[in-house]
Amino acid sequence: MNDNMIGARALMLALEKEGVKEVFGLPGGANLPMYDELYKSNIRHILVRHEQSAAHMADGFGRVSRKPGVCFATSGPGATNLLTGIATAQADSAPMVAVTGQVPVKMIGKDAFQESDIIGMANPAVKYSYQPRTPEEIPEIVKQGFYIAETGRPGPVLLDIPKDVQQNEGKFTFPDEVRIPGYHPWTDPDIPSIEKAIQLLLTSEKPMILAGGGVIISSAFAELQSIAEMLMIPVVTTFKGKGAFPENHPLSLGPIGMHGHAEANKLMTEADCVLAIGTRFSDRSVGTFEEFERNLKIIHMDVDPAEIGKNQTTSVAVVGDVQASLRIMVKMLLSKAMKKSDDNPWSKHVNEVKQYWRENLKLHPGEMGAAKILRKLREVLPKESIVTTEVGQHQMWASLFYDVIQPGTFFSSTGLGTMGWGFPAAIGAKAARPDVPVVDIAGDGSFNMTENSLATSVLEDLPVIVFLINNFSLGMVAQWQRTFYDKRMIGIDLKNCPDYVKLAESYGAQGIRAQSMEELEKAIKSGLNSDVATVIDIPIDPNEDVLPFVAPGTSLKEMILPS
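The sequence shown begins at 1 in my numbering and counts up by one.
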């Protein structure tokens, strides 16, 4: 195709060729030409009330669809408002393409109105960025941008397009293939290393599997379950890996780490070998790096070679797509007719420890304690429902007490820990999967940051449920002040403001306050049957702490338990 058209028109055609059906955005002076062409295109525009939410919606869309979500913003403050969402996507390896307007080429560097060096600001937080200086470059950078965003270890890509590049005409060729010198994602399985990994697993006495977010990104659910069942190896996850393995499975021990399950943390400290799949060994997952690896042989399987040896010493490294690597591992084990029985000392011990903590972990005595309300949510929600979370105590209670049954249905901001992420991400998830219920497990402090996305949810017909665990405070900060700062409480009291039922209703959403388990069950069912967003305000005890808890700078062995 060599038709004459303006750059903004070429942008829309390039996006359509990448299969883009919707974009999340907010127009402004520097991106009006692309919005004028968006008006003429087949792409749906979902209007946000703040650009940060546009990025979070694109992030949620990308995690659920496993295709890059797209967000639009204008130059200057519009672009900088995307940065938190872009950095969140980078930290959690979420595919995204952010498209910003920019001042005309001849004005760049002259401190023009609403000019910001968004390329310079964003470079540490993106997988790659482009700023075309001629319209003819647009089709190529869009093609490359989508390829980079979704291949290898996914991440965000920024396309910053000057206004005159959008407006000027050119002759365009739309490429069908991508060639990027120097960018060659390593995805092929490393068969010799897989053989070494199998041998190490078979000769270990107390093996564990640690599943990270890479399992979810690569959809390696069936392969992971096959390995675990063939070798009867218990499975723990990182928090980002929560949902990589069904948490009602007999081999599941749940998440490890700062707010991991007691049995998962306890048994991880006893293991002699761990098959770590798609994880970066975050300090929030493993505690102190030196103590974690002290008596442990680590098999690290990851698509990103930069992660190997970064935080933990590795005995066997398996670089490549984890689904493909696990598939080869399954075939090798089948060829050996290898299947272990659960009748061995390690399996018996694992089951005993698991049973003990499931029965003896002390919970909040009140009717509306965090564990009880989250277990009620799990009981009522269909298993295929998608759940996002905000960031704070409620997020960690979800880690502990909300069991993910269908793999790949639970998402949170883990690496950056971005308050306000969960609600717009839930809206993006609903755009990707309108056929399933979507719930944001929220806290009042976090929900306050992006609650204006209720307008988007209602007006764009993207109904989600906000499961608002309301302790009238910045609960995680309050818990740390109680624990580490001798109860010197400052800056945490939200004073029951606003009234979330009235707030929801003011946006045309459904607001329900649930103060008993009976009211809560009715509210969840009402939300599932509602055509508009539902905010369920659930008041809880402001002094309830998240426990178990591994304090920063300590090891998993030093876990603090409820007394």
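Where a beta carbon is used, it is the ideal one built from N, C-alpha and C, also for glycine. Predicted model only: the values in this text are computed from it and were never measured.
To which residues of the same chain is residue i closer than 7 Å at the C-beta, ignoring the five residues directly before and after it?
i	result
P407	F221, G243, A244, F245 and P246
E521	K376 and V380
H394	I441, A442, G443 and I469
F447	E390, F423, V466 and L468
Between which two residues does the alpha helix (DSSP H) carrying residue i extend?
i	result
T456	L454 to L459
D92	That residue, D92, is in no alpha helix (DSSP H); it is neither H nor E in DSSP.
D59	E51 to S65
N344	Unbroken run through N344: none, as it is neither H nor E.
A8	G7 to K17
V215	G213 to I217
Q393	Q393 to F401
S446	D444 to T450
S325	V322 to S335
With respect to the beta strand (DSSP E) encompassing residue i, which residues constitute its N-terminal and C-terminal limits?
i	result
H300	K297 to D302
A533	Here A533 belongs to no beta strand (DSSP E), and DSSP marks it neither H nor E.
K196	Premise fails: K196 lies in the alpha helix (DSSP H), I191 to T203, not in any beta strand (DSSP E).
I227	Looking at the DSSP string, I227 is not in any beta strand (DSSP E); the run it does join, the alpha helix (DSSP H), is F221 to L231.
K171	E169 to K171
E581	With the chain represented from 1 up to 563, any question about residue 581 goes unanswered, as that position is not in the structure.
G475	G475 -> not in any beta strand (DSSP E); alpha helix (DSSP H) instead, spanning G475 to F484.
H45	R44 to L47
L159	P156 to P162
V466	I465 to N470
S129	Y128 to Y130
Which residues in the same chain as residue i place their Cβ atom closer than 8 Å to its Cβ, once the five residues preceding and following it in sequence are excluded?
i	result
S473	D444, G445, I492, D493, L494 and P542
V178	K143, Q144 and Y147
W346	E205, K206 and P207
Q510	A504, S526, G527, S530, V532, A533, T534 and V535
R44	K21, E22 and V23
N248	D403 and I405
Using the C-alpha atoms, what's the distance from residue j back to residue i?
i	j	result
A262	V20	43 Å
V319	F281	16 Å
E169	L26	24 Å
S218	G69	17 Å
S75	T173	27 Å
A370	L47	34 Å
G257	P162	45 Å
I233	A533	41 Å
D59	E137	26 Å
L38	L32	9 Å
S129	A94	15 Å
P192	N344	29 Å
W397	G475	12 Å
T203	V316	14 Å
G28	L556	49 Å
Q102	A79	9 Å
M230	R482	46 Å
A211	R133	43 Å
P185	N360	47 Å
Quick one: using the 10 Å Cβ neighbour count with 16 as the cut-off for buried, is residue i buried or exposed?
i	result
K624	An answer regarding residue 624 cannot be provided, because it is not within the stretch 1 to 563 covered by the chain.
S516	exposed
K266	buried
F411	buried
S341	exposed
T313	exposed
F401	buried
S116	buried
H259	buried
E544	buried
Among the options, which has the Cα closest to the Cα of residue i?
i	options	result
N123	P156, E137, A94 and E140	P156
V466	E505, Q312, A426 and P498	A426
T409	W421, M396 and A429	A429
K40	A276, D92, M12 and M230	M12
M5	G29, M34 and E22	M34
S53	F239, V353, L374 and T88	T88
E51	V391, L251, M449 and E223	M449
F72	V64, S65, H56 and S457	H56
P189	E558, L326 and G508	L326
K196	G260, I298, A228 and E293	I298
V97	F113, K110 and I141	I141
L251	G553, I227, D272 and T238	I227
I328	E359, I194, K106 and K362	I194
V322	A112, V215 and E518	V215
P382	D435, Y356 and G392	D435
A10	A125, D92 and K171	K171
K17	P175, M107, A91 and A112	P175
Just to confirm my understanding: we take residue i, look at its own chain, exclude 5 residues before and 5 after, and list those with CB closer than 6 Å. What are they?
i	result
D486	none
P104	P162, K163 and D164
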